[in-house]
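Peer 1:
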Amino acid sequence: MKRMLAVFRARNSEFFRDRSTLTWNLLFPFLLLLGFYYIFGQAQPMYKVGVLSAQDGYISRPVFMAVKHIQFIPYADLDSGLAPLARHQIDLLIDIDRAQYWVNEESRKGYMAEQLLAVKDPDFQRNVIRGDAIRYVDWVLPGIIGMNIMFSALFGVGYAIVRYRKNGVLKRLNATPLTALEFIGGQLLSRILMVVLVGLVLLLGARFLLSTLMLGGLGLLVLTMLMGALALVSLGLLVAARLRSEEFTGGLLNMTTWPMLGLSEVWFSLEGAPHLVHQISQLMPLTHLVQAMRAIMLEGAGFMAISDHLAVLALMAAVFLALGSATFSWDADGR
Numbered sequence: 000m001k002r003m004l005a006v007f008r009a010r011n012s013e014f015f016r017d018r019s020t021l022t023w024n025l026l027f028p029f030l031l032l033l034g035f036y037y038i039f040g041q042a043q044p045m046y047k048v049g050v051l052s053a054q055d056g057y058i059s060r061p062v063f064m065a066v067k068h069i070q071f072i073p074y075a076d077l078d079s080g081l082a083p084l085a086r087h088q089i090d091l092l093i094d095i096d097r098a099q100y101w102v103n104e105e106s107r108k109g110y111m112a113e114q115l116l117a118v119k120d121p122d123f124q125r126n127v128i129r130g131d132a133i134r135y136v137d138w139v140l141p142g143i144i145g146m147n148i149m150f151s152a153l154f155g156v157g158y159a160i161v162r163y164r165k166n167g168v169l170k171r172l173n174a175t176p177l178t179a180l181e182f183i184g185g186q187l188l189s190r191i192l193m194v195v196l197v198g199l200v201l202l203l204g205a206r207f208l209l210s211t212l213m214l215g216g217l218g219l220l221v222l223t224m225l226m227g228a229l230a231l232v233s234l235g236l237l238v239a240a241r242l243r244s245e246e247f248t249g250g251l252l253n254m255t256t257w258p259m260l261g262l263s264e265v266w267f268s269l270e271g272a273p274h275l276v277h278q279i280s281q282l283m284p285l286t287h288l289v290q291a292m293r294a295i296m297l298e299g300a301g302f303m304a305i306s307d308h309l310a311v312l313a314l315m316a317a318v319f320l321a322l323g324s325a326t327f328s329w330d331a332d333g334r
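For what it's worth, numbering that gives the first Met the number 0 labels the leading residue of the sequence shown as 0, then goes sequentially.
#1: Which residue comes first and which comes last in the beta strand (DSSP E) that contains Gln124?
#2: Is the CB of Leu314 under 8 angstroms away from at least one CB in chain C?
#3: Count the other C-beta atoms from every protein chain shown that fall within 10 angstroms of the C-beta of Tyr135, then say buried if there are 16 or more, exposed otherwise.
#4: Considering only residues of the same chain and omitting the five flanking positions on each side of Gln124, which have a CB-CB separation below 6 angstroms?
#5: Determine the direct distance from the alpha carbon of Ser151 to that of Pro273, and round the result to whole angstroms.
#6: In whole angstroms, what separates the C-alpha of Ser189 from that of Val139?
#7: Specify the secondary structure class of Val48 as computed by DSSP and reduced to three states.
#8: Distance check for Val221 and Val200, CA to CA, integer angstroms please.
#9: Run through DSSP, which three-state label would Asp307 get?
#10: Given a cut-off of 8 angstroms on the beta-carbon distance, is the pair Asp90 and Val48 in contact?
#11: Taking DSSP's pairing of strands, which residues face Gly102 in a bridge?
#12: Just reading off the alpha helix (DSSP H) that Asp94 is part of, what are its end residues?
#13: Let me check one thing: in DSSP terms, what residues is Pro73 bridge-paired to?
#14: Just curious, the alpha helix (DSSP H) that Ser337 is in, first and last residue?
#15: Pick helix, strand or coil for Gly299, following the three-state DSSP scheme.
#16: If you check the beta carbons only, do Ile191 and Ala228 fall under 8 angstroms apart?
#17: According to DSSP, simplified to helix, strand and coil, what is Ala239?
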């Protein structure tokens with residue numbers, strides 16, 4: 000018992016002396032809580048209505064837009080508004096300038112939103128589209144695959160390199176003809192191959208068990224997964240390039256992964272979230288990976304439709320890899 004208490008006290012002392020880890024464990028939950036309060040702190044609306052208008056600030060607002068408990072979401076053009084309406088992500092789409100609206104006859108909430116519009120603004124012209132609701136399992140599958148790639152890439156590379164450095168493995172490797180570029184390249188290729196294979200297993204397993212949607216090409220999806228894995232593995236290398244503490248590395252990796260989980264539309268859509276949130280989300284590699292996979296699987300998107308996401312992932316991978324290679328240290332002394 001005395002020996003166990005001695006170990007207990009020693010471990011507690013070690014934890015409290017590691018100020019970076021202690022600060023992270025105390026600060027991060029509050030940051031996460033405040034972030035979700037900012038995004039989702041208000042009461043959720045009963046209906047979501049898309050709005051089309053060339054007028055700045057909706058100068059001629061319909062009476063319908065004064066109804067409470069409805070969230071109005073602006074769209075730049077008709078096509079960008081009809082796509083979520085067909086998938087039941089919004090309940091109605093109104094064009095203020097042309098006094099017309101579109102409703103999905105397959106949507107129950109769309110029917111109720113249409114009745115409210117008919118009462119408040121009966122002069123709006125009716126247009127109908129059709130489209131079945133995408134099951135949540137279909138929508139969330141790309142997010143789960145992306146999440147798995149992110150955790151495997153960041154923690155698989157980050158923790159492994161820091162552990163090698165702390166145990167002296169990297170120092171011994173430095174005494175061999177192996178170059179830093181060769182070591183980093185081997186680590187990246189191994190991890191990328193593993194995470195893509197696991198992602199394919201998830202995809203095919205879900206397809207077999209749950210008949211999930213796969214409207215696009217499998218080859219393009221694999222390319223997207225490779226680019227996403229490359230960007231995330233490179234980010235893991237950058238985080239662990241010079242660190243020696245596994246605890247501090249874990250804190251940094253959590254600080255990297257949790258915001259991406261909340262802002263990259265893994266579990267829920269950011270439709271209607273503040274514009275600043277969308278801007279921050281676009282700075283995260285997981286966002287581009289998940290959005291590209293979702294477009295391929297649920298919309299049958301081709302290469303050109305997701306080329307902007309692939310370009311961003313390639314750019315992020317190049318920047319992370321260049322910075323990680325330039326700052327890479329073989330041993331615990333920073334050399």
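Every residue gets a Cβ at the ideal spot worked out from N, C-alpha and C, and that includes glycine.
Peer 2: So, from the listed chains and residues:
#1: Counted as a single uninterrupted DSSP element, the beta strand (DSSP E) harbouring Gln124 occupies residues 124-128.
#2: Reference to chain C is not applicable here, since this structure consists of a single protein chain.
#3: exposed
#4: Gln99
#5: Near 30 angstroms, if we compare the C-alpha coordinates of Ser151 and Pro273.
#6: 27 angstroms
#7: strand
#8: Val200 and Val221 have their C-alpha atoms spaced approximately 12 angstroms apart.
#9: Asp307 falls in the helix class under three-state DSSP.
#10: yes
#11: Checking the sequence, you will find Val at residue 102 rather than Gly. Its beta-bridge partners are Val127.
#12: It is not in any alpha helix (DSSP H) - Asp94 instead sits in the beta strand (DSSP E) that spans 91-94.
#13: Val50
#14: As displayed, the chain neither begins before 0 nor continues past 334, which places residue 337 out of reach and without an answer.
#15: coil
#16: yes
#17: coil
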